[in-house]
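One structure is given below, encoded as structure tokens.
Protein chains in written order, with my numbering: chain A, 1 to 257; chain B, 258 to 514.
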């Protein structure tokens with residue numbers, strides 16, 4: 001008897017996020033699914049790992065036959081500890097999300113969703129992060145179903161190039177026109193903090209701000225197409241070495257290769 | 258009167274780390290230095306940001322004339338809040354470290370040191386992360402001084418290509434042979450957790466493990482040269498989009514560009 005593919009699912013919005021259950025429902029007919037997600041929400045945790053405290057893993061729920069485990073740590077902790085202590089065999093694919101909120105543009109660098117995918121990618125497991133451009137816990141994910149099923153099935157069949165995972169973003173509250181394969185839009189964040197004064201007269205700050213897209217009219221970028229109701233797929237390379245620039249940096253620093 | 262360059266310094270080992278003070282001493286003759294670092298150690302925090310709690314910034318110390326500020330958050334929080342609320346003008350360069358421990362190979366993905374540098378890079382400030390391959394708080398940084406001064410002075414003069422920062426690692430407890438400009442070695446971590454049983458009979462885990470270098474004999478990589486007592490410089494690109502693979506991913510998923 002052929003073994004069904006094993007699909008490892010995680011996220012950064014925690015075991016209680018509707019997006020996690022939606023993702024399970026999109027792919028459960030493609031294989032055996034195990035979900036391992038943070039016990040608490042960890043948005044903005046990037047590739048953070050827990051080095052100075054212990055971790056626990058617990059079987060906390062089942063969703064339409066899929067066991068859901070919680071880990072008392074970050075999204076990357078979930079993938080590491082899940083692979084170490086939970087899965088019965090090596091997963092054939094790892095999926096992260098569906099995130100409640102965008103991971104387009106360069107916000108991918110802060111994304112727990114994408115860093116969970118990158119962690120699996122580093123161990124050689126094909127991985128995909130899915131995100132919906134809507135923060136609400138009551139967001140409507142239904143439009144994303146055929147896209148998630150289709151992309152996941154294809155990657156299960158063919159794999160992905162070594163060291164590369166996919167970052168898939170979906171527009172929200174609209175019909176999805178189709179899919180575009182693009183790069184991340186370049187930009188930065190502005191007006192990043194709101195300032196307050198505490199009851200003792202001392203200041204404190206809270207992170208806020210908005211993404212300032214430096215190339216809003218560039219059809220080579222994800223933001224361009226998301227704004228026009230397309231889903232976007234960005235292949236993300238784990239190794240950030242700018243190998244094409246080694247000679248230029250050598251010249252700049254006066255160092256021979 | 259010409260304004261001296263402004264040098265922003267941060268790290269992930271906290272305001273009390275000797276590596277921070279060493280970095281200040283290496284560059285203080287090159288400009289005005291301001292250090293803004295986490296109040297507590299944040300190794301392994303990657304690009305984590307604090308979104309669900311407030312942040313405080315405090316002037317906590319001075320080191321040979323350089324003010325040191327603490328931020329009650331992550332390394333990336335330090336750069337964001339430092340640029341927003343502390344610096345008197347836009348820094349000409351941002352330096353991170355000197356980290357107590359390696360950021361070579363693909364461990365850069367978990368590195369608070371390098372993600373502080375990447376945060377500055379995203380706002381267009383040339384930035385460099387410095388790390389010493391020794392975890393001890395009593396590590397001897399003295400060998401690194403001429404290299405840090407030289408690299409920093411050159412980057413202050415010429416800048417760096419857009420969207421790229423430098424990841425500099427130094428071997429420890431040896432004479433440094435020289436500098437090599439290379440890419441990060443590829444690998445993954447193994448035997449990642451130690452398992453324990455708590456007094457109530459329930460299991461818990463603690464992250465451990467070691468880097469499994471997939472290409473130990475490849476002179477194109479940082480690990481190769483660090484093992485041979487050279488310092489290594491890896492240019493790190495913030496945008497992880499694998500633009501060279503867009504056609505291949507399109508074929509794989511059956512999507513036209």
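Even for Gly, the Cβ is constructed at its ideal location relative to N, Cα and C.
Model, not experiment: these values are computed from the prediction.
Closer than 8 angstroms to chain B by CB, residue i
i              : result
residue 227(A) : no
residue 254(A) : yes
residue 281(A) : Residue 281(A) lies beyond the residue range present for chain A, which begins at 1 and ends at 257; the question has no answer from this structure.
residue 176(A) : no
residue 223(A) : no
Residue interval of the beta strand (DSSP E) (run including residue i)
i              : result
residue 452(B) : 450-454
residue 444(B) : 444-447
residue 32(A)  : 32-38
residue 125(A) : Element bounds for residue 125(A): n/a, residue is neither H nor E.
residue 249(A) : Unbroken run through residue 249(A) is the alpha helix (DSSP H), 246-253; no beta strand (DSSP E).
Coarse secondary structure for residue i, derived from DSSP in three states
i              : result
residue 408(B) : helix
residue 356(B) : strand
residue 472(B) : coil
residue 174(A) : coil
residue 24(A)  : helix
residue 489(B) : strand
residue 65(A)  : coil
residue 137(A) : coil
residue 143(A) : helix
residue 457(B) : coil
residue 417(B) : coil
residue 19(A)  : helix
residue 316(B) : strand
Extent of the continuous alpha helix (DSSP H) to which residue i belongs
i              : result
residue 222(A) : 222-226
residue 80(A)  : 75-85
residue 307(B) : Taken as a continuous stretch (DSSP letters only), residue 307(B) belongs to no alpha helix (DSSP H), as it is neither H nor E.
residue 265(B) : Element bounds for residue 265(B): not the alpha helix (DSSP H) but the beta strand (DSSP E), 263-267.
residue 362(B) : Premise fails: residue 362(B) is in no alpha helix (DSSP H) and is neither H nor E.
residue 112(A) : 112-122
Within chain B, the residues that residue i reaches when beta carbons sit closer than 7 angstroms
i              : result
residue 211(A) : Chain B residues near residue 211(A): none, gap ~11 angstroms exceeds 7 angstroms.
residue 50(A)  : 464
residue 43(A)  : 308
residue 7(A)   : Per Cβ cutoff of 7 angstroms: no residues; residue 7(A) is ~18 angstroms from chain B at best.
8 angstroms Cβ cut-off: residues of chain A touching residue i
i              : result
residue 493(B) : 240, 241 and 242
residue 490(B) : 249, 253 and 255
Partners in chain A for residue i, counting only beta-carbon separations shorter than 7 angstroms
i              : result
residue 363(B) : 122, 238 and 239
residue 507(B) : 181
residue 461(B) : 54, 55 and 56
residue 408(B) : 253
Chain B residues whose Cβ lies nearer than 8 angstroms to that of residue i
i              : result
residue 186(A) : 420 and 496
Proximal chain B residues relative to residue i, where beta-carbon distance stays under 9 angstroms
i              : result
residue 193(A) : 312, 337, 338, 341 and 342
Any chain A beta carbon closer than 8 angstroms to residue i
i              : result
residue 502(B) : yes
residue 351(B) : no
residue 385(B) : no
Neighbouring residues, chain A, relative to residue i (Cβ below 9 angstroms)
i              : result
residue 415(B) : 252 and 253
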